[in-house]
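Take a look at the structure below.
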Amino acid sequence: MAKRAAPEVNAGSMADIAFLLLIFFLVTTTIETDTGINRKLPPIEDSEEDVIIKQKNIFTVLLNGRDQLLVEDELMELKDIRKAAIEFLDNGGDGTCDYCRGKKDPTSSDNPDKAIISLKNDRETSYKMYISVQNELVAAYNELRNRRAMQMTNGNKNFIEMQADYDNVNWVGNKTKLKEQLDQIKLEYPQKLSEVQ
Amino acid sequence: MGKFNKKKGGELPAISTASLPDIVFMLLFFFMVATVMRENTLMIKNNLPYADQVEKLDKKDLVMYIYAGKPSDAYKQYGTEARIQLNDKFAGVEDIAAFIAQERASKREELIPFLTTALKVDQDANMGLIGDIKQELRKVNALKINYTTKKGNVFDKR
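Those protein sequences? They're chains A and B, same order as listed. Mapping of the first sequence onto my numbering: residues 3 to 199, in sequence order. Mapping of the second sequence onto my numbering: residues 356 to 513, in sequence order.
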């Protein structure tokens with residue numbers, strides 16, 4: 003008796019099975035958001051030593067329970083705060099900051115290293131507004147850092163791109179030099195954002 | 356010449372569907388790979404706020420998630436005030452310390468300083484609750500935090 007060939011399996015319903023699985027995964031997929039604003043909380047310190055900071059070096063931002071902004075004792079809209087913060091940080095009042103392009107107003111901050119932004123919010127402030135203000139203040143720092151990075155790299159790269167390059171494993175270039183530049187920019191425009199409880 | 360039969364005019368040959376399973380499988384594999392199964396079932400509304408100066412959270416296993424927001428429709432009996440959710444249940448502010456300790460215990464010791472706390476808070480929540488959370492985190496020395504946001508413009512009305 004001749005050997006019979008194995009009967010062919012009908013693959014017609016394969017597509018149906020695959021569709022079923024596909025639909026299952028389509029429905030269960032949630033693209034998780036994993037981006038956000040990084041912050042560092044201040045540690046609880048026992049020492050009650052008061053650091054004396056000149057009033058002109060503090061940029062006070064108050065956020066009340068009705069989501070209204072009071073910046074340096076003036077009512078302000080959210081869209082204007084970024085510009086105001088940049089002006090304050092970039093002021094360079096004591097003339098030691100040679101990369102600042104501010105007005106050198108003696109009544110505003112001495113230099114970016116001394117300038118502190120102080121943010122205070124009420125318990126009733128909405129989280130959305132708080133994040134918006136945080137975002138704008140971080141944007142002010144980033145804008146200044148970007149400008150500085152552009153100067154350093156002769157207009158090739160801004161700060162965000164430099165950071166991306168530094169984190170990129172496949173980037174070919176001098177990473178130690180890049181790190182130095184990044185650190186220098188961070189030193190020149192330190193993020194001094196304090197929150198009052 | 357019977358060998359060369361002329362094709363019947365007009366009728367189109369049926370399109371072969373033999374490669375359909377392959378195409379579907381391709382899609383299937385994409386979604387299987389891209390799928391991240393949710394770790395926690397959310398019991399709260401979690402409509403994250405928008406921001407554009409965001410950084411990416413890279414190490415997924417080094418993140419502790421704290422959710423907060425109003426209880427969702429299915430859990431109306433818990434009221435309308437924003438609440439904290441840790442793992443799969445509602446929690447109070449005082450439970451955060453225990454939660455952090457538990458998360459730290461489950462990680463290798465040398466990784467503990469790199470742990471980040473991601474705050475996934477609904478945009479309608481009040482800052483009072485978040486202030487309490489932050490105070491609690493400071494007490495247990497979990498200082499690295501991340502306000503998780505969606506990427507988008509702050510000024511758009513939504």
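For each residue, glycine too, the CB sits at the ideal point set by N, CA and C.
Quick check: Leu-64/A and Lys-116/A, are their CB atoms within less than 8 Å of each other? no
Can you tell which of Arg-459/B, Leu-382/B and Lys-475/B has the C-alpha that lies nearest to the C-alpha of Ala-497/B? Arg-459/B
Quick check: the segment 136 to 152 of chain A against the segment 392 to 408 of chain B, are there 3 or more CB pairs under 8 Å? yes
Under a Cβ-count criterion, where at least 16 other Cβ atoms within 10 Å of its own Cβ denotes burial, should Ala-166/A be classed as buried or exposed? exposed
Quick check on this structure: which residue in Asp-416/B, Ser-427/B and Gln-490/B has the alpha carbon closest to the alpha carbon of Leu-466/B? Asp-416/B
Chain-ordered neighbours of Ala-20/A on chain B, where CB pairs are closer than 7 Å: Annotation: Cβ neighbours of Ala-20/A in chain B (cutoff 7 Å, chain order): Pro-376, Val-379, Phe-380 and Leu-383.
Apart from the five residues just before and just after Trp-173/A, which ones in its own chain have a Cβ nearer than 6 Å to its Cβ? Asp-167
What in chain B is Cβ-close to Ala-17/A, meaning under 8 Å? Thr-372, Leu-375, Pro-376 and Val-379
Which same chain residues end up closer than 8 Å to Glu-491/B when comparing Cβ atoms and leaving out the 5 residues on each side of it in sequence? Val-448, Glu-449, Ile-451 and Ala-452
Return helix, strand or coil for Asn-66/A, following the three-state DSSP convention. coil
Among Asn-481/B, Ile-455/B, Ile-421/B and Gln-457/B, which one has its Cα closest to the Cα of Asn-66/A? Selected option, being the one with the closest Cα: Asn-481/B.
The beta strand (DSSP E) enclosing Ala-473/B, as first and last residue numbers: Looking at the DSSP string, the run of the beta strand (DSSP E) that includes Ala-473/B is 471 to 476.
Which residues in chain A have a C-beta closer than 8 Å to the C-beta of Thr-435/B? List them in chain order. The premise fails here: Thr-435/B is roughly 15 Å from chain A at the closest Cβ pair, so nothing lies under 8 Å.
At the 8 Å Cβ level, is Lys-188/A part of the contact set with chain B, yes or no? no
To which residues of the same chain is Phe-90/A closer than 7 Å at the C-beta, ignoring the five residues directly before and after it? Phe-61, Ser-110, Ser-111 and Ala-117
Quickly, what does DSSP pair Gln-440/B with across the bridge? List them, please. DSSP, once it has assigned bridges, lists Tyr-422/B and Phe-445/B as partnering Gln-440/B.
Would you say Val-140/A faces chain B, with C-beta separation under 8 Å as the test? Yes, its Cβ sits closer than 8 Å to a Cβ of chain B.
If the criterion is Cβ atoms closer than 8 Å, does the pair Leu-379/B and Leu-24/A meet it? According to the sequence displayed, residue 379/B carries Val and not Leu. A contact, by the Cβ cut-off of 8 Å.
Between the segment 466 to 475 of chain B and the segment 493 to 509 of chain B, are three or more C-beta pairs nearer than 8 Å? yes
Quick check on Thr-62/A - is its C-beta less than 8 Å from some C-beta in chain B? no
When you compare the CB of Asp-416/B with every CB in chain A, is at least one pair closer than 8 Å? Output row for Asp-416/B: interface = no.
DSSP bridge partner residues for Val-198/A (one or two, in chain order): Lys-122/A.
Ser-134/A - DSSP class collapsed to helix/strand/coil: Judged by DSSP in its simplified three-state form, Ser-134/A adopts helix.
Measure the alpha-carbon distance for Leu-441/B versus Leu-28/A and round it to whole angstroms. 27 Å
Counted within 10 angstroms of its Cβ, other Cβ atoms place Ala-151/A as buried (16 or more) or exposed: buried
Taking any Cβ of chain A, which residues in the segment 455 to 473 of chain B have a Cβ under 7 Å from it, in chain order? Ala-473
Name the one or two DSSP bridge partners that Asn-481/B has. Ser-128/A
Cutting at 7 Å between CB atoms, please list the residues of its own chain near Lys-58/A, excluding the five before and the five after it. Cβ-Cβ distances below 7 Å link Lys-58/A to Thr-109, Ser-110 and Ser-111 in the same chain, with the five nearest sequence neighbours on each side left out; the list follows chain order.
If you reduce the DSSP assignment to three classes, tell me which class Cys-191/A lands in. Reading the sequence as shown, one finds Tyr at residue 191/A and not Cys. The DSSP-derived three-state label of Tyr-191/A is coil.
Does the separation of the CB atoms of Gly-424/B and Ile-399/B fall below 8 Å? yes
Mind checking who Gly-38/A pairs with in its DSSP beta bridge? Glu-410/B and Thr-503/B
Please tell me whether Gln-183/A and Met-154/A are closer than 8 Å, where the distance is taken between their beta carbons. yes
Residue range of the alpha helix (DSSP H) that includes Val-11/A: It is not in any alpha helix (DSSP H) - Val-11/A carries neither H nor E in the DSSP assignment.
Selected residue, minimal CA-CA separation from Arg-103/A, among Asn-113/A, Asp-92/A and Asp-96/A: Asp-92/A
Would you kindly check if the distance between the Cβ of Asp-36/A and the Cβ of Leu-397/B is under 8 Å? Taking 8 Å as the Cβ cut-off, Leu-397/B and Asp-36/A do not qualify as a contacting pair.
Mind listing the chain B neighbours of Ser-128/A? Cutoff is C-beta to C-beta under 8 Å, in chain order. Result: Gln-478, Asp-479, Ala-480, Asn-481 and Met-482.
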